[in-house]
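So the structure is just underneath, and the comments pick up after that.
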Amino acid sequence: MSKTTFAAPRRISRRGFLAGSAALGTAMTLPAGAFAQQEGQLLLWLPGGSDLFCKIHTGLLEGFSTGAGLGTATTVCGLGQDTEFTQALIGAITAGNPPDISMLWDSPVSLGAQGAFMPLDDMMKDSKIPIDTWPAGLLSSCQFKGVTYGLPVTAGVYSMWYNQEMFEAKGLPSDRASFPKTWVEMRKLSKEFTVWDGDKLVSAGFMPNRVPETMAIWSALNGGMMFDEANLKYQIDSEQNVEMMNFFLEWLDEEYKGDFNLVDRSGNFLDGYPNPTTGMGPAFREGRQAGMQSGSWLLGDIFADPVPSFERWNLAANPVGPSGSASFSGTWPNWFVIPVGSKNPQAAFDYLSYLAIEGSVEWYQQIPDVPTNSQVQRKAPAGLVEKRGQEVADDITAFLGEQAAVVTPMWNSPVQSFYTDQIARAVEKIYTKASPVKDALGEAQAATQAELERVLAG
Amino acid sequence: MSGQRKPKIGTRFGMLAYHALMLAISAVFLLPFYWMTISAFKTNAEIFSDPVTWLPDPIRWENIASLLTRDDFPFVQQFVNSVFYAGSVAILVCLSCSLAAYSFGCLRWRGRNLVFALTVCALLMPTIVTFLPVYLAWSKLGLTGTYWPLITPFLFGDAFFIFMLRQFFMGVPRELLDAARLDGASEFRIWWQIVMPQVRTPLIIVGLFATVYTWNEFFLPLIYLQDRESFPLSVGLFTFQSQRAVEWSVSMMGAFLTALPMVALFLFTQRLFQRGLSSTGLK
Amino acid sequence: MPGKSPSVGAAPPPRRNRKARRGEARAGLLFALPWIVGMTLFVAIPLVLTFYIAQTKFQIVGAPKWVGLQNYEALWTDPAFWKSAQNTLLFAVISVPLKLVIALGLALLLNRATALSGFYRTVFYLPFLMPAVAGSVVFMLLLTPNAGPVNIALEAMGLNPPDWLLDPKAALWTLILLSLWPLGVETLVFLGGLQNIPKDVSEAADLDSPKRWHKLVWVTLPLITPMVLFNLVIGIIYSFQVFTQAIVIGGTTGTPAEATLMYMVVLYRAAFRYFNMGLAAAMATVLFVVVLILTLLIFQTARSWVHYEGGER
Numbered sequence: 027m028s029k030t031t032f033a034a035p036r037r038i039s040r041r042g043f044l045a046g047s048a049a050l051g052t053a054m055t056l057p058a059g060a061f062a063q064q065e066g067q068l069l070l071w072l073p074g075g076s077d078l079f080c081k082i083h084t085g086l087l088e089g090f091s092t093g094a095g096l097g098t099a100t101t102v103c104g105l106g107q108d109t110e111f112t113q114a115l116i117g118a119i120t121a122g123n124p125p126d127i128s129m130l131w132d133s134p135v136s137l138g139a140q141g142a143f144m145p146l147d148d149m150m151k152d153s154k155i156p157i158d159t160w161p162a163g164l165l166s167s168c169q170f171k172g173v174t175y176g177l178p179v180t181a182g183v184y185s186m187w188y189n190q191e192m193f194e195a196k197g198l199p200s201d202r203a204s205f206p207k208t209w210v211e212m213r214k215l216s217k218e219f220t221v222w223d224g225d226k227l228v229s230a231g232f233m234p235n236r237v238p239e240t241m242a243i244w245s246a247l248n249g250g251m252m253f254d255e256a257n258l259k260y261q262i263d264s265e266q267n268v269e270m271m272n273f274f275l276e277w278l279d280e281e282y283k284g285d286f287n288l289v290d291r292s293g294n295f296l297d298g299y300p301n302p303t304t305g306m307g308p309a310f311r312e313g314r315q316a317g318m319q320s321g322s323w324l325l326g327d328i329f330a331d332p333v334p335s336f337e338r339w340n341l342a343a344n345p346v347g348p349s350g351s352a353s354f355s356g357t358w359p360n361w362f363v364i365p366v367g368s369k370n371p372q373a374a375f376d377y378l379s380y381l382a383i384e385g386s387v388e389w390y391q392q393i394p395d396v397p398t399n400s401q402v403q404r405k406a407p408a409g410l411v412e413k414r415g416q417e418v419a420d421d422i423t424a425f426l427g428e429q430a431a432v433v434t435p436m437w438n439s440p441v442q443s444f445y446t447d448q449i450a451r452a453v454e455k456i457y458t459k460a461s462p463v464k465d466a467l468g469e470a471q472a473a474t475q476a477e478l479e480r481v482l483a484g
Numbered sequence: 009m010s011g012q013r014k015p016k017i018g019t020r021f022g023m024l025a026y027h028a029l030m031l032a033i034s035a036v037f038l039l040p041f042y043w044m045t046i047s048a049f050k051t052n053a054e055i056f057s058d059p060v061t062w063l064p065d066p067i068r069w070e071n072i073a074s075l076l077t078r079d080d081f082p083f084v085q086q087f088v089n090s091v092f093y094a095g096s097v098a099i100l101v102c103l104s105c106s107l108a109a110y111s112f113g114c115l116r117w118r119g120r121n122l123v124f125a126l127t128v129c130a131l132l133m134p135t136i137v138t139f140l141p142v143y144l145a146w147s148k149l150g151l152t153g154t155y156w157p158l159i160t161p162f163l164f165g166d167a168f169f170i171f172m173l174r175q176f177f178m179g180v181p182r183e184l185l186d187a188a189r190l191d192g193a194s195e196f197r198i199w200w201q202i203v204m205p206q207v208r209t210p211l212i213i214v215g216l217f218a219t220v221y222t223w224n225e226f227f228l229p230l231i232y233l234q235d236r237e238s239f240p241l242s243v244g245l246f247t248f249q250s251q252r253a254v255e256w257s258v259s260m261m262g263a264f265l266t267a268l269p270m271v272a273l274f275l276f277t278q279r280l281f282q283r284g285l286s287s288t289g290l291k
Numbered sequence: 038m039p040g041k042s043p044s045v046g047a048a049p050p051p052r053r054n055r056k057a058r059r060g061e062a063r064a065g066l067l068f069a070l071p072w073i074v075g076m077t078l079f080v081a082i083p084l085v086l087t088f089y090i091a092q093t094k095f096q097i098v099g100a101p102k103w104v105g106l107q108n109y110e111a112l113w114t115d116p117a118f119w120k121s122a123q124n125t126l127l128f129a130v131i132s133v134p135l136k137l138v139i140a141l142g143l144a145l146l147l148n149r150a151t152a153l154s155g156f157y158r159t160v161f162y163l164p165f166l167m168p169a170v171a172g173s174v175v176f177m178l179l180l181t182p183n184a185g186p187v188n189i190a191l192e193a194m195g196l197n198p199p200d201w202l203l204d205p206k207a208a209l210w211t212l213i214l215l216s217l218w219p220l221g222v223e224t225l226v227f228l229g230g231l232q233n234i235p236k237d238v239s240e241a242a243d244l245d246s247p248k249r250w251h252k253l254v255w256v257t258l259p260l261i262t263p264m265v266l267f268n269l270v271i272g273i274i275y276s277f278q279v280f281t282q283a284i285v286i287g288g289t290t291g292t293p294a295e296a297t298l299m300y301m302v303v304l305y306r307a308a309f310r311y312f313n314m315g316l317a318a319a320m321a322t323v324l325f326v327v328v329l330i331l332t333l334l335i336f337q338t339a340r341s342w343v344h345y346e347g348g349e350r
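Below, the structure is given as structure tokens:
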């Protein structure tokens, strides 16, 4: 099924090319719009994902189109990833031949602010999904200067994952309420689990954060922010952020010999997946790491091959930093946009509101991306129910729902990719001690602010 | 190979030392190939086993089948794409470049030296310098995502291969052309019926070179093509590796099967390759 | 082959009437026409447009807006530009000469007829046939710090091997090391040159000076200087454009700690990740000027050290 819908538009173009090359140069006059879809039928692009992911979306769109009498819809899956996908989309938009709907795995703000995506505010007003049905922190990942350029239909929600079995083995309480509430407590608890054998890290507690994408969450947990959207000012080198990085760095020095390379040589302590360059299995799933921050997508993979996992883990709210006062969560949403030039914007929007309220329920049951609209009646993921029972699955689902309501604004900058790269650079410099915290953050601040102002100017 | 001299090493010991050295160097050069090949026939766990296993045991032939049947790495489709891409570029290059090379190498006309000098400039110019406007133009035409932007330029020629072919065309005796002209042959006929058969071998060489370069081309297909069903293998391997990086055995099998056709092609046409190479550096 | 070719320019012009000459001139232009059109379409016009885009603010979507020299000013203060230029320069300056020396050494070693000559030639040439992506992926596997075979072997020998691609201090050097692997083309070009040295020259030299080194420096090297020139120019230009290995290994941020951040990667991310076409075009222009100056410089100095047999061209 997915195979046939996969590349239909492209195949035609290559066949067109073959026929054309027979006639040599004459085929150069091939009309640019030759591959456009027909009026009334919806065309959806997806950036990537598994076969299951593709099947779910193909099915949802088909079901909707048939029900609404829109004829045959087309879903194009696996169009490259990251940068390549964005290029494809930009190419289609500039050529005036975009899909009606596209999913994005990168914030729609930067391209939206440049006029690539349709503002949705007017259509949202009288629809089933008005602005107030979306968590504000989440919707801000699609908004710029008060205009909404996309919808965060579902999202991976970041929270703390911890190994209850490891906690209990140490005689520690393993319920959610007892999980450390502050960074200081977490760092203290972490030492209980950390064991070195020479330069090899045998097991670990928790780790200072080094994922550039989630640094905004940790900043919020410390009472700071990375980007002040209201005033269009980056605050990368604010007091709270400098304090945060100093805290992490001291933690690294104290507990992990000041060297992430040593950590990485001992296993994958970064996330819940096998390490791409070393092939090493995730320490958390191997029972060698007490806890870590991760997105909810791990729900779908934690019991999967090739790394079998232990049985009992739980989720808890992110702890608060020394200067922070409240816990926040963060997200990595699946954004949906209607590109400028869409042939059927209203039908496309209707599909998005269907997807946001009804479609996402089925999606979440099969792939645990949390539906974000407040009207959704979430049902626990089938795989989780099977492994952990209905009660735990419902509890996790409810917890993720709560977390989705307290997300801190992120992904909300028109220079998001630039910012992410700058943070990645600063974090690497800090942890490899190539540069002091203040300098590294200061450089990132200056560069990102300059880029923001350049983009906004004129 | 005509100019090759007899071995200077008189003693048997010298000979042995020579071969020992050469074999040691060869081993270093072959190591990555060897590692790729054995990894392609191991499981993930076996690849990272400690101590290192230098022979896959057992040989996992099923890796071939599992590569060829997976939906997220349409290897066969991408293989066909690579053949199509490399093949059409090779054919177009042979045709279009021989036109220009003939003009530069065999014909005299005013402005020839200027145009040839510009060709050398084009040859030395980094691709990226002219790339952005060309990309924007293709994207305005709505042809990104197809093979048009990748193949069309070769319809007109390519500086490197024109430069290479010209060297061979210069070797065609001028008397041959003059004689044909006296017989009243048209310039087109002279090119097609007299000159082209003379440079058949160089044309094959250029075709082979174009095949290898295009087979391995990465940057342009990465930018112009967007879905894995239309990628050539060079890009397909990259996106597979970066998306499913943990499945090393599949990556290695992909790399192995990507390199294999070119290695086979080379082994069959070694002599031609070498002649092509020794010509480019001269003069 | 060209060594033996009768030079077109040197042949005595046969008596021909003006009509035939005009016919030839017309044909010459006609045969070159597709290429002239191609060069105009794909080189000349884009080159001018690149210069133009470099002076605009252009975010792909929408129209370019004239900003004068702002993009160049932004480059001047951009640490990524300088870092990548520094990395790329270091890469080129070390890898190209090193590669030439090794290739020349291999060519000298290969320049004798033995039973295994064909085998050695094939082995040295094979890396060129490996797609750069596949090559980089295999090296990442080989050089994995604790589980990779290279480090296991080195540790077994009692050495303390580096983290290769993960250590910010070692990563660029590892990249340089990897660039030395595919040197088959250079080797065979040199070999072709060595084998084209006329027998009488090398034999005369044998009689004159029995010392091998002397012969290498005074007889062999001067005769293959054209090949050195060719390899040097091409090598430098290509290593300025190193992209594939860098992006496979270091991604768009030049991990670890920008050690593998190359000029082309910064250009690529400016254009296709930050949508800053103007800045990317400015970077392309700078690269163009640098390559132009370098090439002119090499050709200029080449007159004093490259030895051409025929003296022409």
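Protein chains in written order, with my numbering: chain A, 27 to 484; chain B, 9 to 291; chain C, 38 to 350.
Built from N, CA and C at the ideal position, the CB exists for glycine as well.
Would you grab the beta carbon distance between residue i and residue j for me? Rounded to a whole angstrom, and I think it's under 8 Å.
i      : j      : result
A/M150 : A/W361 : Going by Cβ atoms, the distance from A/M150 to A/W361 rounds to 15 Å, so no, they are not a contact pair.
C/F277 : C/Y300 : 7 Å
Give me the Cα-Cα distance between residue i and residue j, rounded to the nearest whole angstrom.
i      : j      : result
B/E237 : B/N89  : 9 Å
A/D254 : A/N248 : 15 Å
C/I82  : A/F232 : 57 Å
B/G192 : B/I202 : 13 Å
A/A118 : B/D235 : 13 Å
C/G291 : B/Y26  : 41 Å
A/F375 : A/Y175 : 12 Å
B/L75  : B/F49  : 11 Å
Strictly under 8 Å for the Cβ-Cβ distance: is residue i near chain B by that measure?
i      : result
C/T297 : no
C/P182 : no
C/Y162 : yes
C/G192 : Per the sequence shown, the amino acid found at residue 192 of chain C is Glu instead of Gly. For C/E192, the answer is no, since every Cβ of chain B falls outside 8 Å of its Cβ.
Taking the continuous alpha helix (DSSP H) assigned at residue i, which residues delimit it?
i      : result
C/L67  : R55 to M76
B/W156 : W156 to I159
B/F171 : A167 to F177
What first and last residue would you give for the beta strand (DSSP E) that runs through residue i?
i      : result
A/M186 : L177 to N189
A/M129 : I127 to L130
C/T151 : Counting along the chain, C/T151 falls outside any beta strand (DSSP E), and DSSP gives it neither H nor E.
B/A108 : Looking at the DSSP string, B/A108 is not in any beta strand (DSSP E); the run it does join, the alpha helix (DSSP H), is F83 to C114.
Kindly say whether residue i, judged by its beta-carbon, lies nearer than 8 Å to any beta-carbon of chain C.
i      : result
B/P229 : no
B/W117 : yes
A/W444 : As written in the sequence, residue 444 of chain A is Phe, which differs from the Trp given in the question. Yes - at least one Cβ of chain C is within 8 Å of the one on A/F444.
A/G140 : In the sequence as presented, Gly is not what sits at residue 140 of chain A; that position holds Gln. Closer than 8 Å to some Cβ of chain C, the Cβ of A/Q140 qualifies, so yes.
Is there a Cβ from chain A that is less than 8 Å from the Cβ of residue i?
i      : result
C/F165 : no
Would residue i pass as a contact of residue j if the rule is Cβ separation under 8 Å?
i      : j      : result
A/A246 : A/F354 : yes
C/V279 : B/M133 : no
A/P161 : A/A430 : yes
B/A5   : B/A98  : Only positions 9 to 291 of chain B appear in the structure, and residue 5 of chain B is not among them; the question remains open.
B/Y4   : B/F21  : Here chain B has residues from 9 to 291 only, and residue 4 of chain B is not among them.
A/T135 : A/C168 : This sequence places Val at residue 135 of chain A; Thr is not what is there. It is a contact, given that the beta carbons lie within the stated cut-off.
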